[in-house]
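J.: No gaps in the numbering here: position 175 of the sequence shown is 194 in the numbering used here, and each next residue is one more. From the three backbone atoms N, C-alpha and C, an ideal C-beta is built for every residue, glycine too. Remember, predicted model here, so these are calculated numbers, not experimental data.
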Amino acid sequence: VRSPYVPEWFASVRSLPFGAIALVAALVIGGISYTAEGALPGDALYAVKTGFNERVGSALTFGTTGNVSRSASLLDRRLSESEVLAVEGKLGQSVSASLERSLVTEVQSISSGIATLQKQGDYTSAVSLSTDAEVKIKTHQAILSELALAKTDSVSNDVSTFLFAVEEHRSTLQALKVR
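1) Taking the alpha-carbon of H236 as reference, which of F37, R96, D172 has the nearest alpha-carbon?
2) For a test of the three-state rule: what should DSSP assign to V81, helix, strand or coil?
3) Given V174, which residues of its chain have a CB within under 6 Å of its CB, disregarding the five upstream and five downstream residues?
4) Identify, in the order they occur along the chain, each residue of the same chain with its Cβ nearer than 6 Å to the Cβ of S121, setting aside the five sequence neighbours on each side.
5) Compare the beta carbon distance of V178 and I129 with 7 Å and say whether it is the shorter of the two.
6) Is A194 helix, strand or coil when you go by DSSP?
7) Taking the alpha-carbon of K155 as reference, which of G49, S90, G82 has the nearest alpha-carbon?
8) Per the contact definition of three or more C-beta pairs closer than 8 Å, is the stretch 98 to 107 in contact with the stretch 54 to 68?
9) Quick check on E100: does DSSP put it in helix, strand or coil?
10) Rounded to a whole number of angstroms, what is the C-alpha to C-alpha distance between A116 and S164?
11) For A58, does the three-state DSSP call read helix, strand or coil?
12) According to DSSP, simplified to helix, strand and coil, what is K157?
13) For S190, which of N176, I162, E153, L64 has the nearest alpha-carbon?
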C-alpha cells in the first residue's frame, strides 16, 4: 500500500541498492571537493576548500613535523591566493582581513610546532621547517611588493596594507630560529 505522504520518486530511490546511492554521493562530494581546490576568498566554494578539504588534509597529517609542514603549506596557499586577488584587483579590506586571520592561525601553528620540536631536541627539523616557512613568506612578500608597485593607488594601498601584516609574520618566524 502506497502512502499518500511519501512522494512517488522516493519509492524508486528506496529500491536502489545502498552501494549505488553511496557511490553517487561520493562522486558528487568528491567532484565538489575537487572543484573547490581552485576557489579563492569570495568564491562560493571557498568555504568547502578551507572548511572541508583543508580540515580533512590536516586530520590526515600526523606528528609535529607533519603538522608544521602542513601549516607552512597552508600559509603558502593563503599568500598565493592573496597574489591572485591582488592581480585581479580584488584584495580589498575584508578579504585582506580574512587572509590575515588565516596567516595568524598558520604562523601560530608553525611557531607552536617549532617550539615543540625544540623542546624535544629536534633542532634540525625545527630550523629546517622555520627556514622553509620564512622563505615562503619572503618569496611571496617580494611578489606582493612588485604587485603593489605595478597597480593603481587603491589596489596598491590594499596590497601594501596586507604586506605590512605579512612582514610582521615573517619577523615572528625569523625570531623562532634565534631561540
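T.: Taking the structure as given:
1) A query on residue 236 cannot be resolved here, the shown segment of the chain reaching from 20 to 198 and no further.
2) Per the sequence shown, the amino acid found at residue 81 is Phe instead of Val. Note: F81 maps to coil in three-state DSSP.
3) G108
4) R97
5) no
6) It is helical.
7) S90
8) For the pair of segments examined, the stretch 54 to 68 was found to touch the stretch 98 to 107: the number of CB pairs separated by less than 8 Å reaches three.
9) Here E100 sits in helix by DSSP.
10) 18 Å
11) Of the three classes helix, strand and coil, the one that applies to A58 here is coil, per DSSP.
12) helix
13) E153
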